[in-house]
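Asks: Please read through the structure below; I'll follow up with questions.
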Amino acid sequence: MTSPSPAELDPYWIGIGASAGGLDALKELLAELNDANDAIYIIAQHLDPKHPTILQDLLSRITHLPITLVEQDTVPRPGNIYLIAPGHNASVRDQSICLTPAAVVGPKPSITDLFTSMASDVAEKAIGVILSGTGSDGAQGMIAIKAAGGITLAQDETSAKYSGMPRAARETGFVDLVLSPRDIAREIRQFIHLNGKHRETLSTPKMRSNLEKIFQRLLDQTGYDFSGYKLKTVQRRIQRRMAVHKLITLDDYVTLLMASSTEVEELFKDMLISVTAFFRDPDAFAALAEIIDEMVDRCEAHGSLRVWVPGCANGEEAYSICILLQQAAARTRKELNLQLFATDIDEHALSLARRGIYSANQIKDVNSDILKHYFQEKDGQYHISKRIRDQVVFARQNLIMDPPFSHLDLISCRNVLIYFNLETQQKILQTFHFALKPQSHLFLGKSESASNIAAELFEQRDKHCQIFRRRTIAASQRADHISSANRLMQSLNSAEPALLADESEPSLEQLLEQLLLDKMVPAALVVDSQGHILHIRGQVSDYLTFPQGRIDTSVFNLARDDLKIDVRSLLQRAKREGHAASQALFYQRPERPCSLFLRVQQLNSSQHDDLFVLAFIDVDLDSQVQRLAGSLAGDSAAASHEQLTQEVAMFRERLQSSIQDLETTNEELQSTNEELQSANEELQSANEELQTANEELQSTNEEISTVNQELEIKSFELEQVNNDLEKMLLSVDAAILFLDNRLRLQRYTRKAAELFGLGPEDLRQTVTSMGYAVDIPHLRQELLAVIEQESETCLPLQLESTPLQLRLVPYKADGDPVVGVMMFFEPPGKTMEGACICADPGSWLQIFNQHCPHALVSCDSQGLIRFVNDSFCQMFAYERPDLLGQNIDRLMPEPYRSQHDTYLKAFLRGESQGNVIGQWRTVTALHRDNRRFMVAVCVYPLESAIRQAGFIALFNPATVSFHA
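For the sequence shown, the numbering used here assigns the number 1098 to the initial residue and increments by one for each residue that follows.
What follows is the structure, given as structure tokens:
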């Protein structure tokens, strides 16, 4: 039976996120990963949760790797692809894929949730890939993977169908490589192959020697010492650089580093950790806001408040704290001198922080009220306001080597200490203690603590939010750390005369004081209220034991077993009363019997709060004192009885003290229990409200999903219809214009474009404002009448010498009002199937011409001749083409000709009653040869729904008698 390979025991986890347009990218990626069976692949593709997916079948045709649709919690195996089922969010916990119902609002599944859980569970074994998609899902998850030491890759814009998600990932600044899907697959395979060898190399005995060379090279070129970083952090950064250069052994990388100053700079950048956000961890910043309110309340008007933010990265945390300070100052209406120092060793991050410009993705979690008052939006980016920017001083500073700021009211150093080893963390906390004012505060990240590492320097103010208060004790003695080299040399030089003076013979007074301290003053400890030892005076080895291993400063743990109960009870009583003492505790030393008295006294000082002195008073019991006690007692039985009585009294005192401590503890537990019950009720109430809101959102989401599906179907159908319509417009042999109900041109056929010289720039233009080669009287009124009355109409036109017919046809959706008008430009008399003969005289006067006994002429509302019959042409001696399109007044002699237009316009405006309409009368006409002759004429109007469309006139010679 073969043993599993290292890849199977500790495989890489590749999370692949995609959305719109991601199918093609996934196919290309998986085709290149066809035989990559040494990693676990998890695909989070945004899908509709209400519909089954066929993505598994589609991808199975591309790759030979097994593809599993994850519909329940699964333990994955290397060489398999896992596709998250629709409607679920996936997370990686304890090397398993765990599913939870997807949130009602937001992408499903969440790529950010998957990547964040991978970073937390598998750390540097996580690889994040963002492919085509819209939105910004996955960007924050890429930050988490990069911070954990993993690799991040994104699809390039040229190959992505939708570049929203890849662009959002790149804008975070935490994407290692931007490639096509095919190149991403190749890079992953090569990285996994080489990185396994890198891991073996870094575990060899030569590692420490090589690391020392790397640290020294970095120190020589950059001036920064990284030897205080945690070994795992350094390993991950070096492995990353080796993978970039395709190097196998650490020796090869050291050789490259020694020869290339550029590579030193790249490794230096990779070693820097710059992960931050505005108001990161809202609960912690809410607690900090309360601390800042207290600081501002205590500060006098025009006073000064000093804050230091080491490891500020891009400035989000520093600006967040400055905003809290501004809000607190505005609340109290105090004019304060606010000084906020933000430092980092990353000059690039500092340059971004000084600009104070952030993308929409970086401020998406910022409260809208804060955005309104402290940011300015310009061109899609958010600029920090000038009043905030001017109060923050950004500077490059090495937290470990450079001297700190002093007299500070607050230090915020979040998620920085976690990257340093224990010794470096202790040095930094000593620096913070030196820099802070008494009772000032230290704000750390949720994975950091000051009470565990330097309990003698800081006490916990808020355990949940990691806020600590400076203890008022002597300043740190590490002058070599908190002072510059120059200041340290000055202090050493100034100490030399004192050393010379000490070489002289001590005085009698000094000898006496030294004797009293050494022989007659009991051994003592200085402890705080929690029992941590802060100072030791005298020989305490008889009373305390110091075990091997990590140093423990708790006196309750270091005291001898037979003294622990007494020490604890005495310290509790001293907290209440200010002092406490024990009765004699008898015990046998190897050389003599002794009795021990314990005494605790509170140390009263304005500069030191809650400090106590525990004294060990040792009394020798020699044989003479014992014989004297025996003779006074009378006999040995009485002495034994008295000794037993004393011991019983002592144990009763101990028991009473323990009972009091137990009662105090029970009261505290009861109070805590009541608070927990109250908090539990509030949480239950909040949970019920959230469940109700969740159900409402889920119902809304179902409705939206249904509507979305219908819209997708309609969109597809509309696209097909639109394509058919475009083809029809190109192929139809007719001049047609399509207008909306606001008379704007929507579409036109190819023949209409040729006829009227139309182009794309004419679309969406009002048709009545466009110039045509043909005059169409009252076009706007005609079009509006068609829309209002939903009826078809026809108008006669004259295009140069060619008569045309304009047919206006309304069109609408089923049951809806008219949405537009179609304009058909056709030869006279031509009608569409199902349409009646319209009001155009040219369509019916041709028939009337054959049966009418009179000379006949038809004119439009402007007096232009539209039709004449043969009898009319013979009467006036004209050919028909000579008359069509001409004004009827050319057949009238003066002065009737000049008055005709005035009379016609008055009639059309309703100012003349037209008493000659429908009446035969005798008038003078003008022959073609300019002679006058008398004719009888009768005029009839042609009316449309909204206007006087024209006139028809019948003519006879004046000598002919007739009746109407």
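All residues carry an ideal CB built from backbone N, CA and C; glycine is no exception.
Would you list, in sequence order, the uninterrupted alpha helix (DSSP H) runs of no fewer than 4 residues that lie entirely inside the region 1367-1403?
Replies: Entirely contained in the region 1367-1403, the alpha helix (DSSP H) runs reaching 4 residues are, in chain order, 1379-1395.
Asks: How many angstroms separate the CA atom of PHE1365 from the CA atom of ARG1338?
Replies: Position 268 of the sequence shown, counted from the start, is the residue given in the question as residue 1365. Position 241 of the sequence shown, counted from the start, is the residue given in the question as residue 1338. So the two alpha carbons sit approximately 11 angstroms from each other.
Asks: Can you tell me which of the three DSSP states GLY1114 falls into?
Replies: Counting from 1 along the sequence shown, the entry for residue 1114 is found at position 17. Note: GLY1114 maps to strand in three-state DSSP.
Asks: Over what stretch of residues does the beta strand (DSSP E) that includes VAL1652 continue unbroken?
Replies: For this step, residue 1652 is matched to residue 555 along the sequence shown. That residue, VAL1652, is in no beta strand (DSSP E); its alpha helix (DSSP H) goes 1652-1655.
Asks: Using the Cβ count rule (16 or more neighbours within 10 Å means buried), how would you classify HIS1161?
Replies: Mapped onto the sequence shown, residue 1161 falls at position 64. Exposed is the call here.
Asks: Tell me which residues share the same chain as SER1417 and place their Cβ nearer than 6 angstroms to its Cβ, disregarding the 5 neighbours each side in the sequence.
Replies: Numbered from its first residue, the sequence shown carries residue 1417 at position 320. Same-chain partners within the cutoff: PHE1375 and PHE1376.
Asks: Check for me: the alpha helix (DSSP H) holding GLY1325 runs from which residue to which?
Replies: Counting from 1 along the sequence shown, the entry for residue 1325 is found at position 228. No alpha helix (DSSP H) holds GLY1325; DSSP gives it neither H nor E.
Asks: Pop quiz: GLU1889 and GLN1902 are said to be a contact at Cβ under 8 angstroms. What is the actual Cβ separation, rounded to whole angstroms?
Replies: By 1-based counting over the sequence shown, the position of residue 1889 is 792. By 1-based counting over the sequence shown, the position of residue 1902 is 805. Going by Cβ atoms, the distance from GLU1889 to GLN1902 rounds to 12 angstroms, so no, they are not a contact pair.
Asks: Taking C-alpha atoms, which residue in PRO1950, TYR1455 and LEU1660 lies nearest to ALA1712?
Replies: If you number the sequence shown from 1, residue 1712 lands on position 615. It is LEU1660 whose Cα lies nearest to the Cα of ALA1712.
Asks: Where in the region 1125-1187 do unbroken runs of the alpha helix (DSSP H), each at least 4 residues long, occur, reported from the N-terminal end onward?
Replies: Qualifying alpha helix (DSSP H) stretches, in chain order: 1152-1157.
Asks: Would you kindly report the start and end of the unbroken beta strand (DSSP E) that includes ALA1251?
Replies: Within the sequence shown, the letter at position 154 stands for residue 1251. Run containing ALA1251: 1248-1252, per the beta strand (DSSP E) assignment.
Asks: Taking just the CA atoms, how far does ASN1186 sit from THR1197?
Replies: Along the sequence shown, read from residue 1 onward, the residue named residue 1197 stands at position 100. Along the sequence shown, read from residue 1 onward, the residue named residue 1186 stands at position 89. Cα to Cα, the separation comes out at about 5 angstroms.
Asks: Tell me which residue opens and which closes the alpha helix (DSSP H) that THR1429 is part of.
Replies: The residue given as residue 1429 occupies position 332 in the sequence shown. Per DSSP, THR1429 belongs to the alpha helix (DSSP H) from 1413-1429.
Asks: Does the beta-carbon of LEU1597 have 16 or more other beta-carbons within 10 angstroms, so that it is buried, or is it exposed?
Replies: Taking the sequence shown and counting its residues from 1, the one referred to as residue 1597 is at position 500. Caution applies to LEU1597, whose pLDDT of 37 falls short of 50 and renders its modelled position unreliable; the model cannot decide the point.
Asks: Along the chain, where does the beta strand (DSSP E) containing ASN1307 start, and where does it finish?
Replies: Residue mapping note: residue 1307 aligns to position 210 of the sequence shown, counting from 1. Careful: ASN1307 lies outside any beta strand (DSSP E), inside the alpha helix (DSSP H) at 1304-1319.
Asks: Can you check which of these residues, LEU1773, VAL1623, SER1277 and ARG1634, is closest to ASN1701 by C-alpha distance?
Replies: Position 604 of the sequence shown holds residue 1701. Taking only the C-alpha atoms, the option nearest ASN1701 is VAL1623.
Asks: Using only the alpha-carbon positions, how far apart do ALA1450 and VAL1406 sit?
Replies: Along the sequence shown, read from residue 1 onward, the residue named residue 1450 stands at position 353. Along the sequence shown, read from residue 1 onward, the residue named residue 1406 stands at position 309. Answer to the nearest angstrom: the Cα atoms are 12 angstroms apart.
Asks: Between LEU2023 and PRO1978, how many whole angstroms is the CB-CB distance? I'm expecting something under 8 angstroms.
Replies: Start at 1 with the first residue of the sequence shown, and residue 2023 comes out as number 926. Start at 1 with the first residue of the sequence shown, and residue 1978 comes out as number 881. LEU2023 to PRO1978, Cβ: 19 angstroms. No contact.
Asks: Near ILE1420, what residues of its chain come up, given a Cβ to Cβ distance below 7 angstroms and the 5 sequence neighbours on each side ignored?
Replies: For the purposes of this step, residue 1420 is taken as residue 323 along the sequence shown, with counting starting at 1. Excluding sequence neighbours, ILE1420 sits near ILE1467, TYR1471 and ILE1485.
Asks: Return the Cβ separation of ARG1847 and LEU1822 in integer angstroms, given the expectation that the two are a contact with Cβ distance under 8 angstroms.
Replies: Position 750 of the sequence shown holds residue 1847. Position 725 of the sequence shown holds residue 1822. Incorrect: roughly 13 angstroms between the Cβ atoms, too far for contact.
Asks: Whose C-beta lies closer than 7 angstroms to the C-beta of SER1591 among residues of the same chain, with five residues either side of it excluded?
Replies: Taking the sequence shown and counting its residues from 1, the one referred to as residue 1591 is at position 494. Here the model assigns SER1591 a pLDDT of 44, short of 50, so the residue's position is not dependable and the matter cannot be decided.
Asks: Taking the Cβ atom as the reference point for each residue, do GLY1917 and ASP1859 lie within a distance shorter than 7 angstroms?
Replies: Taking the first residue of the sequence shown as 1, we reach residue 1917 at position 820. Taking the first residue of the sequence shown as 1, we reach residue 1859 at position 762. Contact: no.
Asks: With DSSP run on the structure shown, which of helix, strand or coil describes MET1339?
Replies: Counting from 1 along the sequence shown, the entry for residue 1339 is found at position 242. If DSSP states are grouped into helix, strand and coil, MET1339 belongs with the helices.
Asks: With SER1357 as the anchor, note down where its beta strand (DSSP E) starts and where it stops.
Replies: Within the sequence shown, the letter at position 260 stands for residue 1357. Per DSSP, SER1357 belongs to no beta strand (DSSP E) and is neither H nor E.
Asks: What separation, rounded to the nearest whole angstrom, lies between the Cα atoms of THR2019 and VAL2032?
Replies: Reading the sequence shown from its first residue, position 922 is the one you call residue 2019. Reading the sequence shown from its first residue, position 935 is the one you call residue 2032. If you take the alpha carbons of THR2019 and VAL2032, they lie about 6 angstroms apart.
Asks: Locate the beta strand (DSSP E) running through LYS1475, then write down its first and last residues.
Replies: Walking along the sequence shown from the start, residue 1475 turns up at place 378. From DSSP, the beta strand (DSSP E) with LYS1475 extends over 1472-1475.
Asks: From the DSSP output, read off the bridge partner residues of PHE1517.
Replies: What you label residue 1517 is simply residue 420 of the sequence shown in a count that begins at 1. PHE1517 pairs with TYR1326.
Asks: Going by DSSP in three states, ILE1285 sits in which element: helix, strand or coil?
Replies: Along the sequence shown, one-based indexing puts residue 1285 at 188. ILE1285 falls in the helix class under three-state DSSP.
Asks: With distance defined between alpha-carbon atoms, name the residue in VAL1915, GLU1879 and PRO1914 nearest to ARG1904.
Replies: On the sequence shown, position 807 is the one that residue 1904 refers to. ARG1904 has its Cα closest to that of GLU1879, out of VAL1915, GLU1879 and PRO1914.
Asks: Can you find the residues in the same chain that come closer than 8 angstroms, C-beta to C-beta, to CYS2035, ignoring five residues on each side of it along the sequence?
Replies: Taking the first residue of the sequence shown as position 1, residue 2035 is located at position 938. Once the five neighbours on either side are set aside, the close Cβ partners of CYS2035 are GLY2015, GLN2016, TRP2017, ARG2018, ALA2050, LEU2051 and ALA2061.
Asks: Specify the secondary structure class of ILE1756 as computed by DSSP and reduced to three states.
Replies: For the purposes of this step, residue 1756 is taken as residue 659 along the sequence shown, with counting starting at 1. The answer is helix: DSSP assigns ILE1756 an H, G or I state.
Asks: Run through DSSP, which three-state label would ILE1485 get?
Replies: Taking the sequence shown and counting its residues from 1, one reaches residue 1485 at position 388. ILE1485: helix per DSSP, three-state reduction.
Asks: Leaving out the 5 sequence neighbours to the left and right, which residues in its chain are closer than 7 angstroms to ASP1107 when beta-carbon positions are compared?
Replies: Your numbering for residue 1107 matches position 10 in the sequence shown. Excluding positions up to five away in sequence, the list reads LYS1222.
Asks: Considering only the alpha carbon of each residue, which of SER1277, ILE1248, GLY1247 and ASP1273 lies closest to SER1260?
Replies: As a first step, residue 1260 is located in the sequence shown; it is residue number 163 there, counting from the start. Checking every option, the nearest Cα to that of SER1260 belongs to SER1277.
Asks: Is it the case that the region 1531-1545 contacts the region 1560-1571, given that we only count it when at least three CB pairs across the two stretches are under 8 angstroms?
Replies: At 8 angstroms Cβ cutoff, the stretches touch.
Asks: Using DSSP's beta-bridge definition, name the partner residues of MET1920.
Replies: Taking the first residue of the sequence shown as position 1, residue 1920 is located at position 823. MET1920 is bridged to LEU1834 and LEU1905.
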